[in-house]
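Written below as structure tokens is the structure these notes are about.
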Amino acid sequence: MVASRFPVSRVSIAVSTLAAGLLLGGCASSGGSGDEPSPKATETAKALTTNTLVGTWGSTAVQEPNLVFDAEGGLTGTDGCNRLVGTWSVEGDTVLLSDIASTLMACEGVDTWLSGAASATLVAGNDDELQIFDSADQEIGTLERAD
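Here it is as structure tokens:
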């Protein structure tokens, strides 16, 4: 049997200290003064809730984009060409769009910008318009409430 160079208690202490340091480092601030608003920051007149969001947003006409939010967190819609399905949840003043799947049809003359949607917020001062953002938090378009 070969003796360990370090007693087990020292190794345990070292591992525990390293783990604690990693946990505390993960809680550290990402920097920045916090004074600059994010590109999605809005001052909405009405709080974003399930009740303010449920319904159809965008046009229901053929080859026009729309999203339909149901009360159970389900999402359906179209980018004007491809059908979209997924889920949604509200986090603060942002709607997070998750598990988005779409068909992959090729349609001439249709701008499929909505297929890149990752989140949304209500437009400041207009509770009937959603700003749509991609995964890089860049605005890619807006949808007006249809119903």
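Mind the numbering: the sequence shown is residues -19 to -1, 1 to 128 in mature numbering (1 follows the signal peptide of the UniProt record, and there is no 0), read in order. Ideal Cβ placement from N, Cα and C applies to all residues, glycine included.
C-alpha gap between L78 and W38, whole angstroms: 14 Å
Nearest neighbour of G58, chosen from L29, E89, T93 [CA to CA]: Minimum Cα-Cα distance from G58 among the listed residues L29, E89, T93 corresponds to T93.
Boundaries of the beta strand (DSSP E) in which T68 is found, first to last residue: Going by DSSP, T68 is part of the beta strand (DSSP E) stretching over 64 to 72.
Beta-bridge partners of S40, as assigned by DSSP: Answer by DSSP bridge pairing: none, since S40 is not bridged.
Cutoff 7 Å; reference T68; Cβ partners in own chain excluding five residues on either side: Same-chain partners within the cutoff: G54, G55, L56, S79, D80.
Exposure label - N32; buried when at least 16 CB within 10 Å: If you draw a 10 Å sphere on the C-beta of N32, you find fewer than 16 other C-beta atoms in it, and that means exposed.
Distance, A42 Cα to N107 Cα: Between the C-alpha atoms of N107 and A42 there is a straight-line separation of about 23 Å.
Segment limits, alpha helix (DSSP H) that includes L34: First-last of the alpha helix (DSSP H) with L34: 31 to 34.
Assigned secondary structure, S96 (DSSP; H/G/I helix, E/B strand, else coil): Three-state DSSP puts S96 in a helix.
Coarse secondary structure for L78, derived from DSSP in three states: L78: strand per DSSP, three-state reduction.
Residue environment, S70, which counts as buried when at least 16 other CB atoms sit within 10 Å: exposed
Backbone secondary structure at E89 - three-state DSSP: coil
Straight-line gap, E24 to T102 (C-alpha atoms, nearest Å): Confidence is the limiting factor: at E24 the pLDDT is only 45, short of 50, which leaves the residue's position unreliable, though a coordinate-based value still follows. Cα to Cα, E24 sits roughly 10 Å from T102.
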